[in-house]
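Read left to right, the sequence shown gives residues 1 to 392 (full-length UniProt numbering).
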Amino acid sequence: MATSSLLSLPHSSASFATHLYSLHSSFLSHRYHTSPALFISPRASSGDSAPNGASKQIEIVYDPRSKFEQLAGELVNPRRNITLFSPCKINIFLRITNKRPDGYHDLASLFHVVSLGDILKFSVSPSTTKDSLTTNARGIPLDDRNLIIKALNLFRKKTGSNTYFWIHLDKKVPTGAGLGGGSGNAATALWAANHLSGNLVGEKELQEWSGEIGSDIPFFFSKGAAYCTGRGEIVEDIPPLSLDIPMVLIKPKEECSTAEVYKHFRLDQASSADPRKLLQEIMSRGISQDLCINDLEPPAFNVLPSLKALKERIAATSRGRYQAVFMSGSGSTIVGVGDSEAPQFIYEEDEYQEVFTSDVFFLRRKENEWYQKVISECSIEFGEIGASEACR
1 MATSSLLSLP HSSASFATHL YSLHSSFLSH RYHTSPALFI SPRASSGDSA PNGASKQIEI
61 VYDPRSKFEQ LAGELVNPRR NITLFSPCKI NIFLRITNKR PDGYHDLASL FHVVSLGDIL
121 KFSVSPSTTK DSLTTNARGI PLDDRNLIIK ALNLFRKKTG SNTYFWIHLD KKVPTGAGLG
181 GGSGNAATAL WAANHLSGNL VGEKELQEWS GEIGSDIPFF FSKGAAYCTG RGEIVEDIPP
241 LSLDIPMVLI KPKEECSTAE VYKHFRLDQA SSADPRKLLQ EIMSRGISQD LCINDLEPPA
301 FNVLPSLKAL KERIAATSRG RYQAVFMSGS GSTIVGVGDS EAPQFIYEED EYQEVFTSDV
361 FFLRRKENEW YQKVISECSI EFGEIGASEA CR
(Lines of atoms letter the chains of each structure in order from A and count residues from 1; the text may use other names and numbers.)
(Lines give C-alpha, C1' and ligand atoms only; values in the text may rest on other atoms or scores of the structure.)
Protein backbone atom coordinates (compact mmCIF):
# COMPACT_ATOMS: atom_id res chain seq x y z
CA MET A 1 0.00 0.00 0.00
CA ALA A 2 2.79 2.41 0.88
CA THR A 3 4.57 1.75 -2.42
CA SER A 4 1.42 2.42 -4.42
CA SER A 5 0.77 5.65 -2.52
CA LEU A 6 4.29 6.94 -3.02
CA LEU A 7 4.18 6.31 -6.77
CA SER A 8 1.38 8.84 -7.17
CA LEU A 9 2.68 11.83 -5.24
CA PRO A 10 0.57 15.00 -5.21
CA HIS A 11 2.14 17.96 -6.99
CA SER A 12 1.55 20.69 -4.39
CA SER A 13 3.59 20.83 -1.20
CA ALA A 14 0.47 21.21 0.96
CA SER A 15 -1.26 18.10 -0.41
CA PHE A 16 2.06 16.24 -0.46
CA ALA A 17 2.52 17.14 3.21
CA THR A 18 -0.93 15.80 4.08
CA HIS A 19 -0.08 12.65 2.16
CA LEU A 20 3.22 12.17 4.05
CA TYR A 21 1.61 12.99 7.37
CA SER A 22 -1.14 10.40 6.87
CA LEU A 23 1.48 7.77 6.00
CA HIS A 24 3.46 8.77 9.09
CA SER A 25 0.35 8.57 11.30
CA SER A 26 -0.63 5.22 9.82
CA PHE A 27 2.88 3.87 10.41
CA LEU A 28 2.87 4.98 14.05
CA SER A 29 -0.59 3.53 14.61
CA HIS A 30 0.36 0.11 13.20
CA ARG A 31 3.87 -0.01 14.67
CA TYR A 32 3.27 1.46 18.09
CA HIS A 33 -0.54 1.33 18.40
CA THR A 34 -0.69 5.04 18.99
CA SER A 35 -1.21 8.33 17.18
CA PRO A 36 1.53 10.95 16.63
CA ALA A 37 2.48 11.66 20.23
CA LEU A 38 3.24 14.75 22.24
CA PHE A 39 6.17 12.90 23.77
CA ILE A 40 9.03 10.82 22.45
CA SER A 41 11.55 8.65 24.28
CA PRO A 42 15.00 9.10 22.74
CA ARG A 43 18.17 7.32 23.79
CA ALA A 44 19.74 9.06 26.74
CA SER A 45 22.86 10.95 25.78
CA SER A 46 26.22 10.23 27.36
CA GLY A 47 26.18 11.29 30.99
CA ASP A 48 22.40 11.81 30.90
CA SER A 49 21.00 8.37 31.65
CA ALA A 50 17.70 8.00 33.44
CA PRO A 51 17.41 6.05 36.72
CA ASN A 52 16.87 2.28 36.49
CA GLY A 53 17.55 2.35 32.77
CA ALA A 54 14.26 4.12 32.02
CA SER A 55 14.20 6.35 28.99
CA LYS A 56 13.55 10.06 29.45
CA GLN A 57 10.45 11.67 27.93
CA ILE A 58 10.89 15.02 26.25
CA GLU A 59 8.25 17.25 24.72
CA ILE A 60 8.28 17.62 20.94
CA VAL A 61 8.93 21.29 20.22
CA TYR A 62 7.41 21.36 16.75
CA ASP A 63 4.06 20.46 15.27
CA PRO A 64 4.55 17.20 13.30
CA ARG A 65 2.19 18.31 10.53
CA SER A 66 4.07 21.61 10.15
CA LYS A 67 7.37 19.74 9.96
CA PHE A 68 6.05 17.43 7.26
CA GLU A 69 4.74 20.42 5.31
CA GLN A 70 8.23 21.94 5.41
CA LEU A 71 9.89 18.72 4.24
CA ALA A 72 7.29 18.28 1.53
CA GLY A 73 7.82 21.81 0.26
CA GLU A 74 11.54 21.18 -0.06
CA LEU A 75 10.99 17.87 -1.87
CA VAL A 76 8.42 19.23 -4.32
CA ASN A 77 10.44 22.36 -5.09
CA PRO A 78 14.00 22.32 -3.72
CA ARG A 79 14.67 25.80 -5.14
CA ARG A 80 12.21 27.26 -2.65
CA ASN A 81 14.70 27.08 0.20
CA ILE A 82 18.04 28.74 0.90
CA THR A 83 20.63 28.88 3.66
CA LEU A 84 22.47 32.16 4.21
CA PHE A 85 25.28 33.47 6.38
CA SER A 86 24.14 36.43 8.50
CA PRO A 87 27.24 38.36 9.63
CA CYS A 88 27.65 40.95 12.33
CA LYS A 89 29.56 44.26 12.29
CA ILE A 90 31.92 46.35 14.35
CA ASN A 91 32.17 50.13 14.68
CA ILE A 92 35.80 51.13 14.13
CA PHE A 93 34.95 54.61 15.34
CA LEU A 94 31.65 56.01 16.57
CA ARG A 95 31.08 59.73 17.01
CA ILE A 96 27.82 61.11 18.42
CA THR A 97 27.41 64.52 16.81
CA ASN A 98 24.01 65.84 17.86
CA LYS A 99 20.77 65.11 19.69
CA ARG A 100 17.75 65.38 17.41
CA PRO A 101 14.32 66.84 18.21
CA ASP A 102 12.81 63.35 17.88
CA GLY A 103 14.98 62.09 20.76
CA TYR A 104 17.41 60.13 18.60
CA HIS A 105 21.09 61.02 18.28
CA ASP A 106 22.93 61.78 15.05
CA LEU A 107 26.05 59.71 14.66
CA ALA A 108 28.97 59.34 12.29
CA SER A 109 30.60 55.93 12.27
CA LEU A 110 32.78 53.60 10.26
CA PHE A 111 30.92 50.28 10.10
CA HIS A 112 32.56 47.12 8.83
CA VAL A 113 31.20 43.58 8.47
CA VAL A 114 33.28 40.86 10.15
CA SER A 115 33.39 37.11 9.72
CA LEU A 116 31.38 36.13 12.82
CA GLY A 117 27.76 35.43 11.99
CA ASP A 118 24.61 33.38 12.37
CA ILE A 119 23.19 30.84 9.92
CA LEU A 120 19.65 31.44 8.65
CA LYS A 121 17.68 28.77 6.80
CA PHE A 122 14.60 29.79 4.83
CA SER A 123 11.91 27.65 3.20
CA VAL A 124 8.76 28.85 1.46
CA SER A 125 5.74 27.88 3.56
CA PRO A 126 2.29 26.89 2.25
CA SER A 127 0.80 29.06 5.00
CA THR A 128 -1.01 32.20 3.88
CA THR A 129 -1.19 33.74 7.34
CA LYS A 130 2.10 33.53 9.23
CA ASP A 131 5.82 32.84 9.23
CA SER A 132 7.29 30.16 11.49
CA LEU A 133 10.60 30.91 13.24
CA THR A 134 12.70 28.49 15.31
CA THR A 135 16.12 28.91 16.88
CA ASN A 136 18.77 27.06 18.86
CA ALA A 137 19.12 29.95 21.33
CA ARG A 138 17.16 30.73 24.46
CA GLY A 139 15.55 34.05 25.24
CA ILE A 140 15.00 35.11 21.62
CA PRO A 141 11.40 36.08 20.75
CA LEU A 142 9.93 34.07 17.88
CA ASP A 143 6.97 36.35 17.16
CA ASP A 144 6.51 39.83 15.67
CA ARG A 145 9.01 41.26 18.16
CA ASN A 146 11.83 39.53 16.30
CA LEU A 147 13.55 41.60 13.61
CA ILE A 148 13.47 38.64 11.21
CA ILE A 149 9.66 38.52 11.35
CA LYS A 150 9.48 42.32 11.18
CA ALA A 151 11.63 42.24 8.04
CA LEU A 152 9.44 39.62 6.35
CA ASN A 153 6.29 41.57 7.25
CA LEU A 154 7.90 44.70 5.80
CA PHE A 155 8.77 42.87 2.56
CA ARG A 156 5.18 41.71 2.11
CA LYS A 157 3.84 45.17 2.90
CA LYS A 158 6.10 46.88 0.36
CA THR A 159 5.82 44.32 -2.46
CA GLY A 160 2.29 43.00 -2.02
CA SER A 161 3.71 39.48 -1.80
CA ASN A 162 1.67 36.88 0.09
CA THR A 163 4.57 34.46 0.56
CA TYR A 164 5.32 33.22 4.07
CA PHE A 165 8.34 31.33 5.29
CA TRP A 166 9.77 28.77 7.67
CA ILE A 167 12.97 30.15 9.18
CA HIS A 168 15.54 28.53 11.44
CA LEU A 169 18.08 30.76 13.17
CA ASP A 170 21.32 29.07 14.23
CA LYS A 171 22.57 31.74 16.60
CA LYS A 172 26.31 32.35 16.91
CA VAL A 173 26.49 36.12 17.52
CA PRO A 174 25.97 37.05 21.19
CA THR A 175 23.14 39.43 22.06
CA GLY A 176 23.65 42.74 23.86
CA ALA A 177 27.11 42.89 22.32
CA GLY A 178 27.12 46.01 20.11
CA LEU A 179 27.67 43.79 17.07
CA GLY A 180 24.34 44.29 15.29
CA GLY A 181 23.53 40.58 15.09
CA GLY A 182 19.78 41.19 15.02
CA SER A 183 20.14 43.89 12.38
CA GLY A 184 22.19 41.50 10.25
CA ASN A 185 19.44 38.90 10.64
CA ALA A 186 16.82 41.39 9.43
CA ALA A 187 18.86 42.37 6.38
CA THR A 188 19.49 38.71 5.56
CA ALA A 189 15.76 37.97 5.87
CA LEU A 190 14.89 40.78 3.44
CA TRP A 191 17.46 39.56 0.93
CA ALA A 192 16.26 35.95 1.26
CA ALA A 193 12.58 36.87 0.88
CA ASN A 194 13.36 38.85 -2.26
CA HIS A 195 15.51 36.04 -3.68
CA LEU A 196 12.89 33.35 -3.01
CA SER A 197 10.18 35.58 -4.49
CA GLY A 198 12.02 35.97 -7.79
CA ASN A 199 13.91 39.22 -7.03
CA LEU A 200 10.88 41.49 -7.13
CA VAL A 201 12.98 44.57 -6.28
CA GLY A 202 16.61 45.68 -6.25
CA GLU A 203 18.95 45.89 -3.28
CA LYS A 204 18.62 49.68 -3.16
CA GLU A 205 14.91 49.34 -2.42
CA LEU A 206 15.59 46.73 0.26
CA GLN A 207 18.19 49.01 1.82
CA GLU A 208 15.85 52.00 1.81
CA TRP A 209 12.94 50.05 3.28
CA SER A 210 15.03 48.42 5.99
CA GLY A 211 15.61 51.72 7.77
CA GLU A 212 11.94 51.68 8.79
CA ILE A 213 12.55 48.83 11.25
CA GLY A 214 16.12 49.47 12.43
CA SER A 215 18.85 52.09 12.08
CA ASP A 216 21.71 49.61 11.58
CA ILE A 217 19.96 47.36 9.05
CA PRO A 218 20.61 49.45 5.88
CA PHE A 219 24.36 49.14 6.44
CA PHE A 220 24.32 45.41 5.67
CA PHE A 221 23.26 46.19 2.09
CA SER A 222 26.61 47.92 1.57
CA LYS A 223 29.56 45.96 0.19
CA GLY A 224 30.77 45.37 3.74
CA ALA A 225 32.22 48.75 4.73
CA ALA A 226 30.45 52.09 4.99
CA TYR A 227 30.54 55.53 6.56
CA CYS A 228 27.13 55.82 8.24
CA THR A 229 25.45 59.01 9.40
CA GLY A 230 22.01 60.17 10.55
CA ARG A 231 20.69 57.53 12.96
CA GLY A 232 22.95 55.12 11.06
CA GLU A 233 20.55 54.66 8.16
CA ILE A 234 22.42 57.00 5.76
CA VAL A 235 24.98 54.66 4.21
CA GLU A 236 27.97 55.79 2.16
CA ASP A 237 29.88 52.87 0.67
CA ILE A 238 33.65 52.94 1.08
CA PRO A 239 36.32 50.46 -0.05
CA PRO A 240 36.55 47.58 2.44
CA LEU A 241 39.65 47.46 4.62
CA SER A 242 42.28 44.75 4.18
CA LEU A 243 40.77 41.31 4.71
CA ASP A 244 43.95 39.89 6.24
CA ILE A 245 43.94 42.02 9.41
CA PRO A 246 43.60 39.62 12.39
CA MET A 247 41.18 40.63 15.13
CA VAL A 248 39.56 39.18 18.22
CA LEU A 249 36.15 39.93 19.75
CA ILE A 250 35.93 39.67 23.53
CA LYS A 251 32.49 39.94 25.14
CA PRO A 252 31.86 39.50 28.87
CA LYS A 253 28.73 37.67 30.00
CA GLU A 254 27.19 41.02 30.99
CA GLU A 255 25.21 42.78 28.26
CA CYS A 256 24.82 46.50 27.62
CA SER A 257 21.37 47.95 27.08
CA THR A 258 21.61 50.48 24.25
CA ALA A 259 18.81 52.56 25.79
CA GLU A 260 20.57 52.60 29.16
CA VAL A 261 23.90 53.61 27.59
CA TYR A 262 22.30 56.51 25.70
CA LYS A 263 20.53 57.56 28.90
CA HIS A 264 23.96 58.11 30.48
CA PHE A 265 25.43 59.83 27.42
CA ARG A 266 26.32 63.55 27.65
CA LEU A 267 26.98 65.40 24.42
CA ASP A 268 29.29 67.91 26.12
CA GLN A 269 31.62 65.04 27.06
CA ALA A 270 31.86 63.64 23.53
CA SER A 271 35.01 63.86 21.44
CA SER A 272 35.56 66.90 19.23
CA ALA A 273 37.34 64.86 16.53
CA ASP A 274 36.08 65.40 12.98
CA PRO A 275 34.63 62.02 11.89
CA ARG A 276 35.46 62.70 8.24
CA LYS A 277 39.10 63.19 9.16
CA LEU A 278 39.05 59.99 11.22
CA LEU A 279 37.75 58.16 8.15
CA GLN A 280 40.38 59.69 5.86
CA GLU A 281 43.19 58.80 8.28
CA ILE A 282 42.05 55.18 8.62
CA MET A 283 41.72 54.80 4.85
CA SER A 284 45.19 56.26 4.28
CA ARG A 285 47.29 54.81 7.12
CA GLY A 286 45.17 52.08 8.69
CA ILE A 287 43.64 51.44 12.10
CA SER A 288 45.41 52.87 15.14
CA GLN A 289 44.39 53.49 18.74
CA ASP A 290 44.11 57.28 18.38
CA LEU A 291 41.57 56.92 15.55
CA CYS A 292 39.27 54.35 17.20
CA ILE A 293 37.14 56.83 19.13
CA ASN A 294 33.81 55.66 20.55
CA ASP A 295 31.74 58.33 22.25
CA LEU A 296 29.59 55.63 23.85
CA GLU A 297 32.47 54.15 25.83
CA PRO A 298 32.22 56.56 28.82
CA PRO A 299 28.46 56.05 29.34
CA ALA A 300 28.80 52.29 28.76
CA PHE A 301 31.57 52.17 31.36
CA ASN A 302 29.30 54.05 33.78
CA VAL A 303 26.59 51.46 33.23
CA LEU A 304 29.05 48.56 33.42
CA PRO A 305 32.25 49.54 35.31
CA SER A 306 33.71 46.05 34.89
CA LEU A 307 33.76 46.64 31.12
CA LYS A 308 36.15 49.57 31.53
CA ALA A 309 38.42 47.42 33.69
CA LEU A 310 38.34 44.65 31.08
CA LYS A 311 39.28 46.99 28.24
CA GLU A 312 42.12 48.54 30.22
CA ARG A 313 43.51 45.16 31.22
CA ILE A 314 43.37 43.84 27.64
CA ALA A 315 45.29 46.89 26.44
CA ALA A 316 47.81 46.74 29.31
CA THR A 317 48.62 43.04 28.93
CA SER A 318 48.80 42.98 25.14
CA ARG A 319 52.41 44.23 25.07
CA GLY A 320 51.88 45.80 21.68
CA ARG A 321 50.10 42.79 20.13
CA TYR A 322 47.05 44.93 19.38
CA GLN A 323 47.34 48.09 17.32
CA ALA A 324 43.98 49.19 18.76
CA VAL A 325 41.60 48.10 21.53
CA PHE A 326 38.10 49.60 21.57
CA MET A 327 34.44 48.93 22.31
CA SER A 328 32.05 48.23 19.42
CA GLY A 329 28.73 50.05 19.24
CA SER A 330 27.05 50.50 22.61
CA GLY A 331 28.91 47.47 24.01
CA SER A 332 29.66 45.17 25.58
CA THR A 333 32.12 43.71 23.03
CA ILE A 334 35.76 44.79 23.16
CA VAL A 335 37.66 44.52 19.85
CA GLY A 336 41.38 43.85 19.63
CA VAL A 337 42.86 44.67 16.20
CA GLY A 338 46.17 43.15 15.12
CA ASP A 339 46.02 39.72 16.77
CA SER A 340 43.44 36.92 16.63
CA GLU A 341 44.15 35.63 20.16
CA ALA A 342 42.62 36.98 23.36
CA PRO A 343 45.03 37.68 26.24
CA GLN A 344 45.97 34.61 28.27
CA PHE A 345 44.18 35.79 31.43
CA ILE A 346 40.83 35.45 29.63
CA TYR A 347 41.39 31.70 29.40
CA GLU A 348 43.09 31.15 32.76
CA GLU A 349 41.09 33.08 35.36
CA ASP A 350 37.76 31.84 36.75
CA GLU A 351 36.29 35.34 36.59
CA TYR A 352 36.32 35.15 32.80
CA GLN A 353 35.02 31.60 32.30
CA GLU A 354 31.83 32.86 30.63
CA VAL A 355 33.52 35.43 28.40
CA PHE A 356 32.77 34.97 24.69
CA THR A 357 35.74 35.22 22.32
CA SER A 358 35.98 34.88 18.55
CA ASP A 359 38.80 35.49 16.11
CA VAL A 360 37.50 37.43 13.10
CA PHE A 361 38.56 39.30 9.99
CA PHE A 362 36.86 41.83 7.76
CA LEU A 363 34.33 40.57 5.23
CA ARG A 364 32.85 42.01 2.05
CA ARG A 365 30.34 40.96 -0.59
CA LYS A 366 29.57 41.48 -4.26
CA GLU A 367 26.47 43.28 -5.47
CA ASN A 368 23.44 40.99 -5.82
CA GLU A 369 25.22 38.26 -3.86
CA TRP A 370 24.91 37.81 -0.11
CA TYR A 371 27.79 37.47 2.33
CA GLN A 372 29.67 34.19 2.26
CA LYS A 373 31.08 32.46 5.28
CA VAL A 374 34.77 31.78 4.81
CA ILE A 375 35.45 28.59 6.76
CA SER A 376 39.17 28.42 5.99
CA GLU A 377 41.71 30.08 3.74
CA CYS A 378 40.97 27.41 1.12
CA SER A 379 37.22 27.01 1.44
CA ILE A 380 34.14 29.17 1.12
CA GLU A 381 30.67 28.15 2.23
CA PHE A 382 28.07 29.58 -0.12
CA GLY A 383 24.46 30.59 0.45
CA GLU A 384 22.74 27.63 -1.15
CA ILE A 385 22.21 24.57 1.03
CA GLY A 386 25.12 22.19 0.89
CA ALA A 387 27.12 24.26 -1.58
CA SER A 388 30.83 24.75 -1.00
CA GLU A 389 33.94 25.31 -3.05
CA ALA A 390 37.52 24.47 -2.12
CA CYS A 391 40.59 26.29 -3.38
CA ARG A 392 41.86 25.07 -6.71
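We put the CB at the ideal spot given by N, CA and C, even for glycine. Predicted, not measured: the structure shown is a model, and the values here were computed from it.
For Q289 and G320, I'd like the C-alpha separation in whole angstroms. 11 Å
C-beta contact flag for N199 and K171 at 8 Å: no
How about R156 and S123: are their beta carbons less than 8 Å apart? no
Is V303 helix, strand or coil when you go by DSSP? helix
Separation of I82 from L196, as counted between CA atoms: 8 Å
Would you grab the beta carbon distance between F93 and L278 for me? Rounded to a whole angstrom, and I think it's under 8 Å. 5 Å
Is the separation between the beta-carbon of Y322 and that of V303 shorter than 8 Å? no
With which residues is R285 paired in a DSSP beta bridge? R285 pairs with nothing; no bridge assigned.
So, do the segment 225 to 241 and the segment 102 to 110 have three or more beta carbon pairs nearer to each other than 8 Å? yes
Exposure of H30, with buried meaning 16 or more beta-carbon neighbours within 10 Å: Reliability fails at H30, whose pLDDT of 46 lies under 50, so the model's placement of it is uncertain and the value that follows must be treated cautiously. Answer is exposed; the Cβ neighbour count stays below 16.
Beta-carbon proximity list for residue 393, same chain, < 6 Å, skipping 5 on both sides: Residue 393 lies beyond the stretch modelled for the chain, which goes from 1 to 392, so this question has no answer here.
Going along the chain, which residues of its own chain have a beta-carbon closer than 8 Å to the beta-carbon of G139, five neighbours each way excluded? T175
Among V248, A187, I238 and S242, which residue has its Cα nearest to the Cα of P218? A187
Nearest neighbour of residue 396, chosen from F301, S284, I282 and N162 [CA to CA]: Not covered by the structure: residue 396. The range shown for the chain is 1 to 392.
Which whole runs of the alpha helix (DSSP H) in the segment 119 to 200 are 4 residues long or more, in chain order? 147 to 159 and 181 to 196
Could you check the C-alpha separation between P126 and Y164 for me, to the nearest Å? 7 Å
Could you tell me the distance, in whole angstroms, from the CA atom of C256 to the CA atom of S328? 11 Å
Neighbour-count burial assignment, S101, 16 or more Cβ in a 10 Å radius: Per the sequence presented here, residue 101 reads as Pro, with Ser not at that position. Label assigned to P101: exposed.
Span separating the alpha-carbon of residue 396 from that of L243: One cannot answer for residue 396 here, as it falls past the ends of the chain, which runs 1 to 392.
At the level of alpha carbons, what is the spacing between L133 and L169? 7 Å
Would S215 and G202 qualify as a contact pair, given that the criterion is a beta-carbon distance under 8 Å? no
Note down the Cα distance separating L291 from I282, rounded to an integer number of angstroms. 7 Å
Starting from the C-beta of W209, find all residues in its chain whose C-beta is less than 7 Å away, skip the five residues before and the five after it, and write them out in chain order. L154 and K158
Tell me, which residues are paired with C88 by DSSP? V114
Determine, using beta carbons only, whether I346 and I250 come nearer to each other than 8 Å. yes
N- and C-terminal bounds of the beta strand (DSSP E) containing I234: I234 to D237
The beta strand (DSSP E) that contains L206, what's its start and end? Careful: L206 lies outside any beta strand (DSSP E), inside the alpha helix (DSSP H) at E203 to S210.
Count the other CB atoms within 10 Å of the CB of S284; is the residue buried (16 or more) or exposed (fewer)? exposed
Of the residues Q372, S330 and K130, which one's Cα is nearest the Cα of T258? S330
Chain-order list of residues whose beta-carbon lies under 6 Å from that of S340 (same chain, five-residue window excluded): P246, V248 and D359
Which first and last residues belong to the beta strand (DSSP E) in which V325 is found? A324 to M327
Bridge partners - Y227, DSSP secondary structure assignment: L110 and E236
Using the Cβ count rule (16 or more neighbours within 10 Å means buried), how would you classify A316? exposed
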